[in-house]
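Engineer:
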Amino acid sequence: MYYYLAVIIAFASYFLYKCYIYPLYLSPLRKIPGPPSENIILGHYATFLKGDHGIAFSHLTKQYGGIVRYHSLLNETHILITDPKLVQMIMISRAYEFPRHRFFIAGFRDIVGESVIVAEGDSHKRQRKMMSPSFALANIKEMAPTFVQAGHNLKDIWMKEIGDKEEERITITSIISKITLDVIGDVGFDYKFNSTTTESELAKAYKFLTSRNISQLYLALSSLLPFIRKLPIYDHEEYHDSLKIVSSVSEKLVVEHKNTSFQGTDILSLLTKANNNLPIDEQLTHQELIGQVMTLLIAGHETTSTALSWALYFLAKNPDMQDRLRKEILDIFPDRDCHPTFDQIEHLKYLECVFKEVLRMNPPVPGLVRINAKDEVLNGYFIPKKTPLVVPITVIHRDPSIWGHDAEHFNPSRWLDSEIKSKITNCNFMPFSAGPRSCLGMKMAYLEFKSILAVIIRNFEFKLVEGFTFKQIFNGVIKPYPGIDLMVSKLFFKITYIVNSLHEETSTSDEFAPLSLDNTNESQKKISSTHNRAPVRDYLLPTSDGGKRCKLCEQTFGNLTVISTINRHFQNFHPSEFIKIKQRRFRRFDPYGPNEKFKVDILNNKLLRWVVVD
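Going by the working numbering, the first residue of the sequence shown is number 2, and it counts up by one from there.
(1) Kindly indicate which three-state DSSP category V466 falls into: helix, strand or coil?
(2) Output needed for Y382: all residues of its chain with C-beta closer than 8 Å, excluding positions within five of it in sequence on either side, in chain order.
(3) Taking C-beta to C-beta, are G55 and P280 nearer than 8 Å?
(4) Should G442 and F109 be called a contact, given that it needs their Cβ atoms to be closer than 8 Å?
(5) Can you name the start and end residues of the alpha helix (DSSP H) that S175 belongs to?
(6) Classify S38 as buried or exposed, calling it buried when 16 or more other Cβ atoms lie within 10 Å of its own Cβ.
(7) Extract the residue ranges of the alpha helix (DSSP H) inside the stretch 409–468, only unbroken runs of 4 or more that lie entirely within it.
(8) D486 lies in the beta strand (DSSP E); which residues open and close that run?
(9) Under 6 Å Cβ to Cβ from W311, same chain only, skipping five residues before and after it: list those, please.
(10) Taking the straight line between their C-alpha atoms, what separation do you get for K422 and E239?
(11) Which two residues bound the contiguous alpha helix (DSSP H) that contains T395?
(12) If we count the other Cβ atoms within 10 Å of its Cβ and call it buried at 16 or more, is Y71 buried or exposed?
(13) Return no unless some Cβ of chain C is closer than 8 Å to the Cβ of G35.
(14) Which class does K1 belong to by DSSP, given the choice of helix, strand or coil?
(15) So, at 8 Å on beta carbons, what are the nonlocal neighbours of G44 in its own chain, with the 5 sequence-adjacent residues on each side left out?
(16) Measure the Cβ-Cβ separation of Q323 and L316 and say whether it is below 8 Å.
(17) If you draw a straight line from the alpha carbon of L313 to that of E283, how long is it in whole angstroms?
(18) Would you kindly work out how many angstroms separate the C-alpha atoms of Y21 and L27, rounded to a whole number?
(19) Which residue wins for smallest C-alpha separation from G35, given the options I80, L244 and S251?
(20) Count the other C-beta atoms from every protein chain shown that fall within 10 angstroms of the C-beta of Y46, then say buried if there are 16 or more, exposed otherwise.
(21) In three-state DSSP terms, what is N474?
(22) Based on DSSP bridge pairs, tell me the residues matched to C20.
(23) How would you label Y15, buried or exposed, when you count the other beta carbons within 10 angstroms and need 16 or more for buried?
(24) Report the rounded CA-to-CA distance for I457 versus S249, giving the unit in angstroms.
(25) Below 8 Å on the Cβ atoms is my contact criterion, and I expect P481 with T181 to pass it. Report the Cβ-Cβ distance as a whole number of Å.
(26) Could you have a look at E347 and say whether DSSP puts it in helix, strand or coil?
(27) Counting C-beta neighbours from all protein chains within 10 Å, is the total for D591 16 or more, i.e. buried, or is it exposed?
(28) In chain order, what residues of the same chain have a beta carbon less than 8 Å from the beta carbon of Q345, not counting five sequence neighbours either side?
(29) Relative to the C-alpha of P320, which residue among S178, K274, L465 and V378 is closest?
(30) Does the beta-carbon of F12 have 16 or more other beta-carbons within 10 angstroms, so that it is buried, or is it exposed?
(31) Is C354 helix, strand or coil by DSSP?
(32) Give the single residue among S490, V88, F433 and A455 whose Cα lies nearest to the Cα of I479.
(33) Is the beta carbon of A139 sitting closer than 8 Å to the one on T342?
(34) Please name the residue in L454, R459 and V392 whose C-alpha comes closest to that of A435.
(35) Contact defined as beta carbons within less than 8 Å: I believe E115 pairs with P100. What is the distance between those atoms, to the nearest angstrom?
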């Protein structure tokens, strides 16, 4: 009896000392500025659980500065770091002296295995050195056609879903995730997952793993008390079944690649070939290779798909920015089915601004937690070893002293502001982490995002769904829960320009000109226009088959020609003779429906095409 009582008293005394007396009255960390603990059990977690961690951290930073003390679960003292010099030291210059916290390791090891993401010290250096060549820019460039084709695959799916309707409400998040999973199958492993055509077991597994709305309290408790992860809560059985599927597919891919002649250009082929050429003691182990595949599967598709979903949401919320992006894209490749090259995609500067702004607003990971491997002195404060150090990326990404007075708002143009650009460093913009632990696939994610978004914005218009709401959750990445619904409508670009029946009049009128055509194509078009050079007809001569021939270069056009074809011809071959025509609106004939309105779309004074307008 007395024995059990003594045990209870000893445990209670230890708990009281560990969770109350030491952190609040004896710890050297109490000298660091910060708010008093709110609860002996939850610390400040009670406040965090009520809302967004980022908002709470932002308030702490504004009140207490660049190094702040707060109390986590069981009053464990955490240090919030936003001071640029400290961030640089922890993340870059002395990164290996500040390993990852057990909270991170516990949360990711199940999904990514023994990969570079969870490795530390020499193991991390060895794995990263082994993997880096597979992500060289030359290899990334070769992936561009696959990324563009993925955009067209998504376009075709949404075109079919919209059908003959003017617009359709679409849950964009689910299909984008499948598209990017298929992409990583192609470029990562030369493997067809076919997620968009069949509901593969892998797609189902990732859908479950990445859509679970797990509370932050559960994640924190499970990192302190690992046995909690074994309890039958949060769909425990389905969770482990999904992990088995991911692990099984990953091992299958590794085994298949080991049995090949290493001739592929996918990431795993390059990695396996390089690994096979190393001495045995330097090679990645079988389990480490499986871990890299698991990492590529989750990071290679979930990060990009989530960024694309956020981008479409922000652009739907800001139609003027969506229009500006579309104009830039149309100017580079006006055709619906165009497959832009790597260089053309890189030329889209506003698109790059959109991507960076999406990552600034909603970085994949909201914050990073490190511990100091030995005692440290930071900004004059003594920090005992193994103290959790939190780098809140979302707070740093919205610091108005760096990003301007509108730092809380989505504004891609800030990336064109020379004053703001001069302040940006890899310590205040780090959506893919920074230093030796930065994401190896960052360049690949950039290109994939831009390729797919360019095709999609070229072909669709996105609007918010009135009354639709969602919330942000963190489940590997910051993502919308349960997803994002948007109103999606096609952008129509139709064949309407009949070259051999063209009749133009020089006019200074700004009035819209009527257009009258019937199905026999015998009526004449009449476009009221203003030219600063000779009319198009002066450069087009009739041919025997009823078409037209350019008298400047002898190129022939058929009887029915898309307007953008003529535009490209004169722009590319005779830029000095290119015709500029003002924007006009007019009605057109069936079969596309009565009383539809079209306009000549002018971008940078270039006659491009006719599009449907309301």
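Think of the CB as a built atom: it goes at the ideal place given N, C-alpha and C, for glycine as much as any other residue.
What you are looking at is a predicted structure, and each value in this text was computed from that prediction instead of being measured.
Structural biologist: Put simply:
(1) coil
(2) P29, L30, K32, I33 and I68
(3) no
(4) no
(5) I173 to F190
(6) So S38 counts as buried.
(7) 419–422 and 443–460
(8) D486 to K491
(9) Within the same chain, W311 has close Cβ partners V359 and N363.
(10) 46 Å
(11) I394 to I397
(12) Taking every protein chain shown into account, the CB of Y71 has 16 or more other CB atoms within 10 angstroms, so this residue is buried.
(13) Structure shown: chain C not included; a single protein chain is present.
(14) This structure cannot speak to residue 1, because the chain is shown only from 2 to 615.
(15) S38, Y71, H72, S73, L74, L75, N76 and E77
(16) Taking 8 Å as the Cβ cut-off, Q323 and L316 qualify as a contacting pair.
(17) 44 Å
(18) 10 Å
(19) I80
(20) buried
(21) First, the amino acid is wrong: residue 474 is Ile here, not Asn. DSSP places I474 in strand when its eight states are reduced to three.
(22) As far as DSSP is concerned, C20 takes part in no beta bridge.
(23) Residue environment for Y15: exposed (fewer than 16 other C-beta atoms within 10 angstroms of its C-beta).
(24) 34 Å
(25) So it is not a contact: roughly 15 Å between Cβ atoms.
(26) helix
(27) Unreliable placement is indicated for D591, whose pLDDT of 30 sits below 50; no coordinate value is reported for it.
(28) I333 and F334
(29) L465
(30) exposed
(31) helix
(32) F433
(33) It is not a contact, given that the beta carbons lie outside the stated cut-off.
(34) Closest option to A435, judged by alpha-carbon separation, among L454, R459 and V392: V392.
(35) Wrong, their Cβ atoms sit about 16 Å apart, outside the cutoff.
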